[in-house]
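For the sequence shown, my numbering gives the first residue as 54, with consecutive numbering after it.
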Amino acid sequence: MISERSNGLFGIYVHWPFCAAKCPYCDFNSHVAKTPVDQGEFVKAYIKELAHFAALTPGRNVQSIFFGGGTPSLMDAKTVETILEAIANHWSIDPGVEITLEANPTSVEAARFKDYKSAGINRVSLGVQSLRDEPLARLGRMHSVTEAKLAVGIAQSIFDRSSFDLIYARPNQTLKEWEAELNEALLMAVGHLSLYQLTIEQGTRYFDLRAAGKLPMPDADLSADLYLMTQEITASAGMPAYEISNHARIGEESRHNLIYWRYGEYIGVGPGAHGRLLIEDIRYATSTHKQPKIWAEQVMKTGSALVCNDKLTWEEEADEYLLMGLRLREGISPSRFHQLSGRLLDKGQIGELDRIGFVETLPNGNLRVTDKGWPVLDAVVADLAM
Ligand SMILES: C[S@@+](CC[C@H](N)C(=O)[O-])C[C@H]1O[C@@H](n2cnc3c(N)ncnc32)[C@H](O)[C@@H]1O
Ligand code: SF4
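See the structure below:
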């Protein structure tokens, strides 16, 4: 039975944890294997873990499958195909399903795009990161601008839908430099573009460099200006933000991302993957073991490698809904908040946030954060969650 707390959205996230090298800014669950990865062995574990989650989620209709990483473009097309077959054996697949693979834009990887399409992939998301060679090298990337542009072109010629990522607010980056780079990117982008401000995460090489005073990061004012300029330029180019860092032409939004932010249901398979499942009207937060080898061993022994399988309270669910949904331009539905939490949003609090210009109510009744409120989103969420 589908839970009453469901909005009918259901997606599958598949985490491929391996990379050719570790980028100095990255804190994703990515590992550089010392010996070649035995994909045939790993795929058995993915199939087993999918079966585990399938038994818990009968009757769901899959609207999105996302291969993320790590570097999924290091997967053989056969590995991707086998995982997609296993998914189709367990669940019904929506006719408009979006099947995305995250790819690094080296020429070796772009050469696999055709095979990925034959395997069932219908959208790729490329980690271009910069359209300038010097910052690419500093970011530890293994591709050049020329290679990245070629990979984008190849992706666009093979797939109807594609996207690429850029990182801005980088060390030493000026407004003028970013303006020129972003305008170039908008000329290349077809339907979707992700623009992330560089964040410095603990445990990364960039974290140590910054601590040692060797990473001249933009200050808060410059970061805010870079962000505002990004919003203005993308909006006037017809690619406004539908989420803080994600831009799309109308209808080209990533369905996978929307499942997260609209607080749908998704399973996460693979090392360190996260999921949110509804079982007998209770929402579970799941995550799996991060170490690829341990993950695979545990899955093969017991069917899953969960390190977290927490039941969320109604309050926790509603807080997560706010946290995710208020990232979206479309905002959140106060009635869904009520349905999830069993309580109404505080009218006085909304009035106060509205008065200072941080939130607004849309004609459809949704509540959204304004341009002015987005830079202080966490504080707005905290106020509403109280
Ligand atoms: C899972 S990552 C990487 C996918 C792929 N392996 C790659 O590197 O292109 C997805 C995206 O997150 C962004 N990202 C990763 N670390 C970041 C950081 N510290 N700050 C901002 N963006 C980051 C990058 O734009 C990257 O393309
Ligand atoms: S940024 Fe991408 S390629 Fe670099 S280490 Fe992280 S996941 Fe791997």
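Positions of the beta carbon are idealized from the N, C-alpha and C atoms, including for glycine.
The beta-bridge partner set that DSSP reports for ARG214 consists of ARG176. CA-CA distance, ASP147 to PHE63, rounds to 10 Å. When the alpha-carbon of VAL243 is set against those of ARG263, LEU137, THR257 and PHE217, the nearest one is in PHE217.
Distance from the Cα of VAL433 is smallest, within the candidate group VAL412, ASP424 and SER340, for VAL412. Taking 7 Å as the cut-off, the C-beta of GLU155 counts as close to a heavy atom of ligand 1. Straight across, the Cα-Cα distance linking ILE403 with GLU369 is about 20 Å.
Scanning ASN299, VAL205 and LEU379 for the CA closest to the CA of GLN250 turns up ASN299.
A distance below 8 Å between beta-carbons, with the five flanking residues on each side excluded, links SER388 to the following residues of its chain, in chain order: GLY418.
Within 7 Å of the C-beta of TYR78 there is at least one heavy atom belonging to ligand 1. The beta carbon of LYS170 sits closer than 6 Å to the beta carbons of ILE211 from its chain, once the five residues preceding and following it are set aside; these are given in chain order. Closer than 7 Å to some heavy atom of ligand 1: that does not describe the Cβ of LEU281. Within the model, the alpha-carbon separation for ALA264 versus TYR78 is close to 13 Å.
In the three-state DSSP reduction, VAL434 falls in the helix class (H, G or I).
The criterion of a C-beta distance shorter than 8 Å is satisfied by VAL96 and THR132. Counting C-beta pairs with one atom in each stretch, the stretch 67 to 77 and the stretch 125 to 140 have three or more that are closer than 8 Å, which means they touch.
Under the three-state reduction of DSSP, ASN310 is assigned to helix. In the structure shown, LEU235 falls within a helical segment according to DSSP collapsed to helix, strand and coil. According to the DSSP assignment, THR124 belongs to no beta strand (DSSP E), since it is labelled neither H nor E. ASP363 is bridged by DSSP to ALA338. GLU254 counts as exposed, since fewer than 16 other beta carbons sit within 10 angstroms of its beta carbon.
DSSP places PRO148 in the uninterrupted beta strand (DSSP E) bounded by 145 to 156. Beta-bridge partners of PHE63 (DSSP): GLU318. Beta bridge pairing from DSSP links ASN299 with SER247 and GLU296.
Taking non-hydrogen atoms of ligand 1 into account, the C-beta of ILE220 is found less than 7 Å away from one of them. Within the same chain, LEU62, PHE63, GLY64, GLN116, SER117, GLU318 and TYR319 come within 8 Å of ILE312 by CB-CB distance, once the 5 residues on both sides are set aside. The way I'd put it, the stretch 144 to 158 doesn't touch the stretch 77 to 94; fewer than three beta-carbon pairs between them come closer than 8 Å.
Sixteen is the threshold: since fewer than 16 other Cβ atoms of the shown chains lie within 10 Å of the Cβ of ALA108, the residue is exposed. Remark: the C-beta of LEU184 is outside contact range of ligand 1, defined as less than 7 Å to any heavy atom. Relative to the Cα of ALA204, the nearest Cα in the group ALA301, ALA288 and MET241 belongs to MET241. Each residue's CA atom was taken as its position, placing PRO293 and LYS354 some 47 Å apart.
According to the DSSP assignment, GLY328 belongs to no alpha helix (DSSP H) but to the beta strand (DSSP E) extending over 327 to 332.
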